[in-house]
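Going down the list, the sequences are from chains A and B. Per numbering that gives the first Met the number 0: the first sequence = residues 0 to 589. Per numbering that gives the first Met the number 0: the second sequence = residues 0 to 375. All remarks here apply to the structure that follows.
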Amino acid sequence: MPKNLQYIIDELRNLRNPEEFLAARDRILEELTRVDSDFEKLNFKYERSNKEKNILSSLLTRTSADLKKVSDNLKIRAEELSTILTTIPAYVYFKDVNLNYILVNQSYAELTGLPVDKITGRSLLEIFPLYKSTGYLETEQKVISSGKENYNIEEEIEFNGQTRWVNTNLAPIRNPAGHIIGLIGISWDITERKHYESELKRAKELAEAGTMAKNEFIASISHEFRTPMNGILGLSEILKNTPLDESQADLLKGIVSSAENLLVLVNDLLDFSAIEAGKLELDFHPFILDRVLEDVFQMLNMKAREKFLDFSVLISEDVPKHLIGDSQRLRQIIINLAGNAVKFTEKGGIEIHIHLLKSTVDRALLRFEVIDTGIGIPQEAKESLFKVFSRVKQNQSKLIVGSGLGLSICKKLTDLLSGEIGVESEKGKGSTFWFTLPFDLTGIKIQQKEKTEESEFKLYTGKRVLVAEDNLINQKIVSFQLKRIGFEVDLVDNGQLALEKYNENYYDIVILDIQMPVMDGYEVAKAIRRKEAITRNHIPVIALTANAMKGDKELYLAAGMDGYVSKPFTPETLLSAIQQAEIIASRSRV
Amino acid sequence: MQVKTFSSASVKGFMQAWDENSSDGFNPNAAIVFSSVDIDLNGISTFIKKKGVRLFGSSSCGEFLYNSSGTVISEGGLVCSMLKLEPGSFDINMFSGKGIDCFNLGRTAGEWVVKTFKKPAIFVVASGLNTDGEQLVRGIQAVAGGDVTMFGGLAGDDAHFNETYVFSESAMDPQGAIIMVLDLSVYEINGISTSGWVSIGADKIITRAEGNIVYTIDNQPALDVYKMYLNVRDEDLPEIGVEYPLLIRKQDESFVLRAVLNVDREKKALIFAGTVPNGAVVTFSSSPGFEIIESTRKEVNEFYKYNPNTDLLILFSCMARHNALGPTISEEIDEVWEKWSKPLIGFFTYGEIGNNYKASCDFYNQTFTLVSIKQK
Chain A
0 MPKNLQYIID ELRNLRNPEE FLAARDRILE ELTRVDSDFE KLNFKYERSN
50 KEKNILSSLL TRTSADLKKV SDNLKIRAEE LSTILTTIPA YVYFKDVNLN
100 YILVNQSYAE LTGLPVDKIT GRSLLEIFPL YKSTGYLETE QKVISSGKEN
150 YNIEEEIEFN GQTRWVNTNL APIRNPAGHI IGLIGISWDI TERKHYESEL
200 KRAKELAEAG TMAKNEFIAS ISHEFRTPMN GILGLSEILK NTPLDESQAD
250 LLKGIVSSAE NLLVLVNDLL DFSAIEAGKL ELDFHPFILD RVLEDVFQML
300 NMKAREKFLD FSVLISEDVP KHLIGDSQRL RQIIINLAGN AVKFTEKGGI
350 EIHIHLLKST VDRALLRFEV IDTGIGIPQE AKESLFKVFS RVKQNQSKLI
400 VGSGLGLSIC KKLTDLLSGE IGVESEKGKG STFWFTLPFD LTGIKIQQKE
450 KTEESEFKLY TGKRVLVAED NLINQKIVSF QLKRIGFEVD LVDNGQLALE
500 KYNENYYDIV ILDIQMPVMD GYEVAKAIRR KEAITRNHIP VIALTANAMK
550 GDKELYLAAG MDGYVSKPFT PETLLSAIQQ AEIIASRSRV
Chain B
0 MQVKTFSSAS VKGFMQAWDE NSSDGFNPNA AIVFSSVDID LNGISTFIKK
50 KGVRLFGSSS CGEFLYNSSG TVISEGGLVC SMLKLEPGSF DINMFSGKGI
100 DCFNLGRTAG EWVVKTFKKP AIFVVASGLN TDGEQLVRGI QAVAGGDVTM
150 FGGLAGDDAH FNETYVFSES AMDPQGAIIM VLDLSVYEIN GISTSGWVSI
200 GADKIITRAE GNIVYTIDNQ PALDVYKMYL NVRDEDLPEI GVEYPLLIRK
250 QDESFVLRAV LNVDREKKAL IFAGTVPNGA VVTFSSSPGF EIIESTRKEV
300 NEFYKYNPNT DLLILFSCMA RHNALGPTIS EEIDEVWEKW SKPLIGFFTY
350 GEIGNNYKAS CDFYNQTFTL VSIKQK
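Spelled out as structure tokens, the structure:
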């Protein structure tokens, strides 16, 4: 700029005539405008700088005031933190990435018995020379390398000859850039708590052992009930088939009905305690659904008719007939639900519906519904319905027989069988109890046998059965029932005799009580199978037992038996067991 | 597309210049006018309506024009761009902001935009001193999508802070938005937004705010904090507020600037050109001085590398830049002319809207927002 001005001045000095002045004037004016504009810009910059200087200096003053306030606050915070660190009833320490102490609080120093300045800069092993475990140091190293917190590390350590339990929380410390620069550890002495914990644990174990013992006691007591029950029911059956006058027949009916009720109670109790003790055995085998439902129908239709109720079973057409599952438990669930329906219905009827929900080539999911027109269930009772000992409150005058375990058992059984159970009901309008169960589908068609007594007579007439049973009453019952379906029965009262008979004669089937003097049922079965290993035969062998606990089945099978009947048994269950055993035995023949 | 640009200082001069530019048979179908509020804006609308041309108009806080016949940076005048656009490739509409919040105003406009073109580019200018530009942008994006191409700004009124306007050939609104939508299958539209402002002073927390109104900063009345920290006299507000905006730090370490557009002296509140969220960490900010021109030059050069061809350049430059750079403002606009030597028109705004090639569209303050329109 000064250069340009100098140029103009020089030009003015060298002007020689007015023409030259005119020519130069425009250039001079233009140059002056530019100078003016540059001056304006400069002037602006100057004013602007002044203005900004003022504002910046104000900002600087305020900001330094702010910073002082912040630093004062920080001092106060630091004092507060230091107070907290000193007084906190915990051991607090900071370590660098090499796991050397940077800072510890007073409690920690007291624990080590060293002054704070003797701790900082040193490592754990230098502070506690007796410290043996490397696990703790590894955990700290992991917190540093992974950057992840580790809470509730419990460890037993020795200080000054004393064993103490401590609980430690570890967390990494990061700098503002996010890099890990160390860790903080906070430990509590939990020796007292550990002491209480172990006491609690012991108390819990004792309580659990008590419960287990109780369950086992109930199971064995119920089991003991079964043998005399078998006697009562079996002998009643025999008595029913002798000439009786009308009043005697009525009395007998009363005995049978009471005994059956008692049996239901005992069975419920046994099932429940077996489930609770985890000893319930599921038995998956091929079966025909219709047969199960016929059993249910026969069992409950009579009772329904006594109360003038309709009773019907409806099976959708697409429901497969041949299934693999635990038919015994299925029967039990349906009987329980349908039995309840009969019990709680005074007018109308009960319908059992079975639908197919889903099916694949080898699986089917079925839904069973028991629909009644009974008293219904109030909303508030529904939730607790499937719980143990739950009974919907009834009018006092009406005594409903039952253990209160039925629905709870149904629930546990459907759970065990991977199904679901539920109820839809409105008080006064009846209830629908439903459950769903999955079944495998069998490729083998079970030959369906006509289930009339006559045909059963025909089926087993001329067949020979060997029965080993030491209890005289049971001997009578078994042989009576077997004779009714056509068998010729050979009876012995111990295992030794059974084996001798088997070796001397030909039999179509062998039924063995398990607990017998001289030689038990297992030994007999094993001996039979040993012999058959040579003869390449396989005779159906059925165990007669009062046991139905988990694990028992393995023993029967291991001994080479094909099935078992649990005492007390009905003619139907005995027949069914014989048929099952025959199927299994036929498959086992080479 | 064909473009002619001119400037004027009155309606009369405007009409003459229009006719002169049309005398060679140039027959425009659209016009962009940025004008001082001192000029009779109604007169301009009426004239343009008679010509059967669509108008995209906004009041300004100073306006500028660069073309082959010269350079104009004026206050109190107007600049005009006469456009001959492909028929059916554009549309212009006004949306009134009366009785509707800025977000919903944006939504309404966005609905019209997406109905008009499948691939729209939006030019939007809004009037109103309390307009929350950020909410307007969010409203449009809520309908047209977060990645829609959009540029524009807030209308000015020569720093009187009384009333700003947007206008078309048939309407004028002191509280509304005017939108020109272009079909992106016909035009290529790109832009940049750059500010150069820097943070100054200690971090502060917004302790009470509603939308774009801030009541307290660090639990002190916002107006008091602002005046005390910047050593500002009451009579300098709100004018000086545009120059010293709040810098709001975002969680991803980026930031936006929010200029003070107005003050509520009774409630000791500051009214910003965009939303300032409760709990936001803010600092004051300032232009670092004349080096912001350098930073703009760099950005313009970078942008030129990828967009060397253009038909028309539109620049929305914050009035605060004009205040901060004074007459030297021409140096950063000169850079654009030197690079492309294509018609450039623009005005000094109270806020800018723009896509940055680095991010989706946002509402800014203090920026130099440059847009290039080119027919494909």
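For glycine and all other residues, C-beta sits at the position ideal for the given N, C-alpha and C.
Nearest C-alpha to leucine 110/A among Arg121/A, Ile126/A, Asn99/A: Ile126/A.
Interface criterion met: the Cβ of isoleucine 54/A is under 9 Å from a Cβ in chain B. Sixteen is the threshold: since fewer than 16 other Cβ atoms of the shown chains lie within 10 Å of the Cβ of histidine 194/A, the residue is exposed. Of the candidates Gly24/B, Asn218/B, Gly105/B, the residue whose Cα lies closest to the Cα of threonine 206/B is Asn218/B. For proline 285/A, the enclosing beta strand (DSSP E) has its first and last residue at 284–287. Contact annotation: the region 427–440 of chain A touches the region 336–345 of chain A, with at least three C-beta pairs closer than 8 Å.
In the pairwise beta carbon analysis, the region 337–344 of chain B is classified as touching the region 307–325 of chain B: at least three pairs are separated by under 8 Å.
Here leucine 82/B is buried: its Cβ has 16 or more other Cβ atoms, across all protein chains shown, within 10 Å.
If you compare the alpha carbons of Ser22/B, Ala125/B, Cys360/B with that of phenylalanine 55/B, the shortest gap goes to Ala125/B. In this structure, the CA atom of valine 540/A is about 43 Å from the CA atom of threonine 344/A. Inter-segment contact for the region 190–210 of chain B and the region 61–70 of chain A is present: three or more beta-carbon pairs are separated by less than 8 Å. Under a criterion of Cβ atoms nearer than 7 Å, the residues of chain A adjacent to tyrosine 228/B are, in order, Ser57, Leu58, Arg61.
According to the DSSP assignment, valine 34/A belongs to the alpha helix (DSSP H) that extends over 17–86. Proximity of chain A to alanine 108/B at the Cβ level (cut-off 9 Å) is not reached, the minimal Cβ distance being about 38 Å. Out of Ser80/B, Ile72/B, Ser316/B, Met149/B, the CA that lies nearest to the CA of serine 359/B is found in Met149/B.
Near chain B, meaning a CB-to-CB distance below 7 Å, no residue of the region 309–328 of chain A qualifies. For chain A, the residues of the region 310–334 of chain B that bring a beta carbon within less than 8 Å of one of its beta carbons are Ala323, Gly325, Pro326, Thr327, in chain order. Between glycine 181/A and lysine 74/A, the C-beta gap is not smaller than 9 Å, which leaves the two residues out of contact. As for any alpha helix (DSSP H) of minimum length 4 sitting wholly inside the region 115–142 of chain A, the runs are 115–118, 123–126, ordered along the chain. Looking at the DSSP output, cysteine 317/B bridges to Thr348/B. Counting the other CB atoms within 10 Å of its CB gives alanine 580/A a total of 16 or more, which places it among the buried residues.
For arginine 362/A, DSSP records a beta bridge to Asp439/A.
Three or more pairs of CB atoms, one per stretch, sit closer than 8 Å, so the region 222–238 of chain A contacts the region 472–479 of chain A. In the three-state scheme derived from DSSP, where H, G and I count as helix and E and B as strand, threonine 167/A is classed as strand. At a cut-off of 9 Å between beta-carbon atoms, valine 147/B makes no contact with chain A.
Residues of the region 62–76 of chain A that bring their beta carbon within less than 7 Å of a beta carbon in chain B comprise Thr62, Asp65, Leu66, in sequence order.
Excluding sequence positions up to five before and after aspartate 507/A, its CB lies within less than 6 Å of the CB of Lys462, Arg463, all in the same chain and listed in chain order.
Three or more beta-carbon pairs separated by less than 8 Å are not found between the region 567–584 of chain A and the region 13–27 of chain B, which leaves the two stretches without contact.
When the beta-carbon positions are compared, serine 58/B and threonine 130/B stay at least 9 Å from each other. Below the 8 Å Cβ cutoff, chain B contributes Gly325, Pro326, Thr327 as neighbours of lysine 40/A, in chain order. By the rule that beta-carbons nearer than 9 Å mark a contact, tyrosine 243/B touches chain A. Within the DSSP secondary-structure output, threonine 162/A pairs in a beta bridge with Glu157/A. The C-beta of proline 171/A has 16 or more other C-beta atoms within 10 Å across all chains shown, which makes the residue buried. Excluding its 5 nearest sequence neighbours in each direction, lysine 566/A has C-beta neighbours in its own chain below 6 Å: Arg225, Asn229, Ala545, listed in chain order.
Glutamate 29/A is outside the set of residues whose beta carbon lies under 9 Å from a beta carbon in chain B. The criterion of a C-beta distance shorter than 9 Å is not satisfied by cysteine 317/B and phenylalanine 271/B.
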